[in-house]
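Chemist: Following the working numbering, the numbering of the sequence shown begins with 7 at its first residue and continues without gaps.
For every residue, glycine included, the Cβ atom is placed at its ideal position computed from N, Cα and C.
The structure presented is a predicted model; accordingly, all values stated were derived computationally and were not measured.
Following this message is one structure expressed as structure tokens.
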Amino acid sequence: MSKYGTGKDLPVPEFIWGHLTHQVPKPEADLKGLTALVTGATSGLGYTTAQHFARLGVSTLVLPVRSLKKGEKFAQQLHKDVPSFRGDIKLLELDLSRFASIPKFVKELETTVDRLDFAILNAGCTRTKYHQTPDGYEETIQVNVLATGLLAVMLLPLLSKTAKLPKPADALPSDLKPQLEIVSSEVHYWVVPSNLPQSENFIAELNTEEYFKKLPFSEMYNISKLLDVFLARKIAALPVAQDIQVTVTNPGLCRSAFRDDFGAVLAWLMNAVSWTAEFGSRTFLHAVLESHPSGSFLSAGKVVPTSKFSCSDEGIKTEDKFWTELVELYAKLAPETYGEGKDLPFHKFVWGQLTHRVAKPEADLKGLTALVTGATSGLGYTTAQHFARLGVSTLVLPVRSLKKGEKFAQQLHKDVPSFRGDIKLLELDLNRFATIQKLVHELETTVDRLDIAILNAGCIRNKYTLTPDGYEETTQVNVLATGLLAVLLLPLLGKTAKLPKPADAVPASRKPQLEIVSSEVHYWVVPSNLPQSDSFIAELNSETYFKKLPFFEMYNISKLLDVFLARKIAVLPAAQDIQVTVTNPSLCKSGLRDDFGAVLAWFMNAIARSADFGSRTFLHAVLAPHPSGSFLSAGKVVPTSKFSCSEEGIKTEDKFWTELVELYAKLAPETVKILSGQ
């Protein structure tokens, strides 16, 4: 059984019987003081949903419309149809066939309302002939899936903000979360898996005319509704959605003008077994007026399993591939999809150092293989101790000197006498790029699997120091070499995802883990201190650049670039079966600051946590599921810096990544295939 259960089928007789027998009562609630948004509200299901919200007394009803002029007539009609409604109707322009209208709509919404308690994303279309939007996408897919998903993601900050606001006294129970509802359909049960895109680029194939024309009648619409199920499940798992209830709903087959494109005879036959639009809209209200597990699929007001395919290993791989491509698309269309980010004032940093608690990790890791870089001291050593204590069968420890590594291995066995696994010592020097390829090749011939890779090795310098490869040492060790190692490990991690897990180990659904160690100091990077020339990496490594930076800033920048690294790697096709995290271990006592001088080192160690505390954060990041690409601190997913989430920050990330891909192609040609998904 997968994390989504086993799923179910929906034979046509069961579908017809459901339409003849299901009953959904008229929803009743007091929604005074609350704000609701409904897309596609000018007709059919959307209009009757708007009527229900008006009847239940919402204070503000937000109605996105393609034409404000037509919207005014609709608003007047709604007031006539529901004369008891005393709330405000806010008409805002939105056209889901044009992506650019979505960020504009959301910004206008955020300046128009203070809260958003319900968002029902109902707008959709179906076509029997191939039709492109002005953006160049097949219309069913853009409107029903891509644009609906983008709108859903961009509404999350306002919904999340609403979760922290008090509810009006007479409104719904105070513990009911803000609601995001994506409208799907029971037709998703009928998708034939072999009809889904099979090429490397899922979304690109989905939108071609050739693909559309080879599909059976109505299959494109069915596929769009399956993808809506995937959308809702992925959005429900996002950190920013933790205070929101996300549901995906089947309104049933309802009478509407939705099937005008089908021809009179077929439209008549379908309408003969259809429910009224008013009945269908009741299902929307029941989904959002009651508590359900976030990510649930509802039909006739009840949580039901999604299709067997959507819950199968193949279905989940399809979901992951689709989501990975979607994240990349959204980052281009609307960089705001990383969220708003946050600041970290110094007093909050100090307070966190004094108060954060992270429990000692517990798990059975027998049969698994873990790799830890920088494991001969400090954080790396205590991380290795934890893995030994938790019973990994193989512990891979890259070391600069095998001779010193032997002594370290002996000490580890002494410190953790219960450890019965193997320690594999392999040579690695992140000051020399050539050793990375050698290590990965040796690793692939030494172990059959790699379940966890924690890339912890790092350095910090207050004087400009070049590596033998000619790069500034902080940048090469912390970023360039760490990133190259991460990319080269992806094939082995991906291979491991397809292997069975030992029976007693962590849950079989848990993905192999790639963890890049960053720091909360990335919050303190001053954007104007970042390289401004055409060649980002070249400037980053120059002595002139290093010497103009304030003390400590080069290290801060390296940790910001680690955040960028993890986010970019997380969306690679080669990482679709891997969980990638970037982690802040907090300021910990170690020898990393020996280069600072006695007084400053003493001051920093005075507020530092123990290395064991920091290494606990590493273990918690890899022993629990998190959205890939997440930043974790004190064992919890938290936003990255405001700059890293800003349009300027994302442009910097893209520029850095583009140059990095070119550099890696020269240093290790095999990265070309890995990074392109071949």
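Mapping the DSSP letters down to three states, classify Ala-394 as helix, strand or coil.
Modeler: In the sequence shown, the residue the question calls residue 394 occupies position 388. In the structure shown, Ala-394 sits in a helix (DSSP, three-state: H, G or I).
Chemist: Given a threshold of 16 other Cβ atoms within 10 Å of its Cβ, counted over all protein chains shown, does His-447 qualify as buried or as exposed?
Modeler: Counting from one through the sequence shown, the residue named residue 447 turns up at place 441. That one is exposed.
Chemist: Spell out the partners DSSP gives Lys-430 in its beta bridges.
Modeler: Residue 430 sits at position 424 when you count from the first residue of the sequence shown. DSSP output for Lys-430 lists Val-402 as bridge partner(s).
Chemist: Using the Cα positions of Ala-293 and Asn-256, report the straight-line distance between them to the nearest angstrom.
Modeler: If you number the sequence shown from 1, residue 293 lands on position 287. If you number the sequence shown from 1, residue 256 lands on position 250. Rounded to the nearest angstrom, the two C-alpha atoms are 10 Å apart.
Chemist: Shortest alpha-carbon distance to Glu-34 belongs to which of Leu-295, Lys-501, Ala-376, Asp-583?
Modeler: Here residue 34 refers to the residue found at position 28 when the sequence shown is read from its first residue. Answer by Cα proximity: Leu-295.
Chemist: So is Asn-685 buried or exposed if we call it buried at 16+ other beta carbons inside 10 Å?
Modeler: Beyond the ends of the chain as shown, which are 7 and 684, falls residue 685; an answer cannot be given.
Chemist: Since Lys-96 is in the beta strand (DSSP E), which residue starts that stretch and which ends it?
Modeler: By 1-based counting over the sequence shown, the position of residue 96 is 90. Segment 94-99, the beta strand (DSSP E) holding Lys-96.
Chemist: Run through the DSSP bridge pairs and tell me what Glu-192 is partnered with.
Modeler: Within the sequence shown, the letter at position 186 stands for residue 192. BP columns for Glu-192 are empty, so no partner.
Chemist: Looking at the secondary structure, which residues open and close the beta strand (DSSP E) in which Asn-256 lies?
Modeler: Position 250 of the sequence shown, counting from 1, holds the residue named residue 256. Asn-256 -> beta strand (DSSP E) spans 251-256.
Chemist: CB-CB under 8 Å to Glu-145, same chain, minus the five flanking residues each way: which ones, in chain order?
Modeler: What you label residue 145 is simply residue 139 of the sequence shown in a count that begins at 1. Ser-103, Cys-131, Arg-133, His-137, Gln-138, Thr-139, listed in sequence order.
Chemist: Around the Cβ of Thr-66, are there at least 16 other Cβ atoms within 10 angstroms (buried) or fewer (exposed)?
Modeler: The residue you call residue 66 lines up with position 60 of the sequence shown. Looking at its Cβ environment, which holds 16 or more other Cβ atoms inside 10 Å, Thr-66 is buried.
Chemist: Just verifying my parser: in three-state terms, what is the DSSP assignment at Ser-73?
Modeler: Translated into the one-based positions of the sequence shown, residue 73 becomes position 67. Coil.
Chemist: Can you check DSSP and say which residues form a bridge with Ile-460?
Modeler: By 1-based counting over the sequence shown, the position of residue 460 is 454. Answer is Val-378, Glu-521, bridged to Ile-460.
Chemist: Out of curiosity, what's the CA-to-CA distance linking Glu-478 and Trp-663?
Modeler: Residue numbering aside, residue 478 sits at position 472 when the sequence shown is read from its first letter. Residue numbering aside, residue 663 sits at position 657 when the sequence shown is read from its first letter. Spanning the two alpha carbons is a distance of roughly 18 Å.
Chemist: May I have the straight-line CA-CA distance separating Phe-124 from Phe-290, to the nearest angstrom?
Modeler: On the sequence shown, position 118 is the one that residue 124 refers to. On the sequence shown, position 284 is the one that residue 290 refers to. Going by the C-alpha atoms only, they are around 11 Å apart.
Chemist: If we ignore side chains and look at the alpha-carbon of each, how far apart do Gly-155 and Leu-237 end up?
Modeler: Taking the sequence shown and counting its residues from 1, one reaches residue 155 at position 149. Taking the sequence shown and counting its residues from 1, one reaches residue 237 at position 231. Using only the alpha carbons, I get a separation of about 7 Å.
Chemist: Do you know whose CA, among Ile-95, Thr-452, Ala-440, lies nearest Val-402's CA?
Modeler: Taking the sequence shown and counting its residues from 1, one reaches residue 402 at position 396. For the residues Ile-95, Thr-452, Ala-440, the minimum Cα distance to Val-402 belongs to Thr-452.
Chemist: So for Gly-307, helix, strand or coil by DSSP?
Modeler: For the purposes of this step, residue 307 is taken as the residue at position 301 of the sequence shown. Gly-307 falls in the coil class under three-state DSSP.
Chemist: Roughly how many angstroms lie between the CA atoms of Val-527 and Phe-285, to the nearest whole one?
Modeler: The count along the sequence shown starts at 1 and reaches residue 527 at position 521. The count along the sequence shown starts at 1 and reaches residue 285 at position 279. Distance between the alpha carbons of Val-527 and Phe-285: 54 Å.
Chemist: Would you kindly check if the distance between the Cβ of Leu-449 and the Cβ of Thr-502 is under 8 Å?
Modeler: Translated into positions along the sequence shown, residue 502 becomes position 496. Translated into positions along the sequence shown, residue 449 becomes position 443. In this structure, Leu-449 does not lie closer than 8 Å to Thr-502 by Cβ.
Chemist: Counting only the same chain and skipping the five closest in sequence on each side, list residues whose C-beta sits under 6 Å from that of Lys-661.
Modeler: Here residue 661 corresponds to residue number 655 of the sequence shown, with the count starting at 1. Result list for Lys-661: Phe-542, in chain order.
Chemist: From the DSSP output, read off the bridge partner residues of Ile-126.
Modeler: Looking up residue 126 in the sequence shown gives position 120. According to DSSP, which records beta bridges pairwise, Ile-126 is partnered with Val-44, Glu-187.
Chemist: Taking C-alpha atoms, which residue in Pro-172, Gly-77, Ser-316, Lys-366 lies nearest to Ala-640?
Modeler: In the sequence shown, the residue the question calls residue 640 occupies position 634. Answer by Cα proximity: Lys-366.
Chemist: So the candidates are Val-644, Glu-665, Ser-305; which of them puts its Cα closest to the Cα of Gly-347?
Modeler: The count along the sequence shown starts at 1 and reaches residue 347 at position 341. Gly-347 has its Cα closest to that of Val-644, out of Val-644, Glu-665, Ser-305.
Chemist: Over what stretch of residues does the alpha helix (DSSP H) that includes Val-493 continue unbroken?
Modeler: What you label residue 493 is simply residue 487 of the sequence shown in a count that begins at 1. 487-503 is the span of the alpha helix (DSSP H), which, as asked, contains Val-493.
Chemist: Start and end of the alpha helix (DSSP H) containing Phe-236?
Modeler: Counted from its first residue, the sequence shown places residue 236 at position 230. Run containing Phe-236: 225-242, per the alpha helix (DSSP H) assignment.
Chemist: Could you give the DSSP three-state label for Gln-417: helix, strand or coil?
Modeler: Reading the sequence shown from its first residue, position 411 is the one you call residue 417. In the structure shown, Gln-417 sits in a helix (DSSP, three-state: H, G or I).
Chemist: So Ser-636 is in the beta strand (DSSP E); what residue range does that whole segment cover?
Modeler: One-based indexing of the sequence shown puts residue 636 at position 630. Segment 636-639, the beta strand (DSSP E) holding Ser-636.
Chemist: Could you check if Arg-92 is buried or exposed, using at least 16 other CB atoms within 10 Å of its CB as the buried criterion?
Modeler: Here residue 92 refers to the residue found at position 86 when the sequence shown is read from its first residue. It is exposed - the Cβ of Arg-92 has fewer than 16 other Cβ atoms within 10 Å.
Chemist: Just to confirm the assignment, what range does the alpha helix (DSSP H) spanning Gln-57 have?
Modeler: On the sequence shown, position 51 is the one that residue 57 refers to. First-last of the alpha helix (DSSP H) with Gln-57: 50-61.
Chemist: Let me confirm a value: Ala-242 is counted as buried when at least 16 other C-beta atoms fall within 10 Å, else exposed. Which label applies?
Modeler: The count along the sequence shown starts at 1 and reaches residue 242 at position 236. Result: buried.
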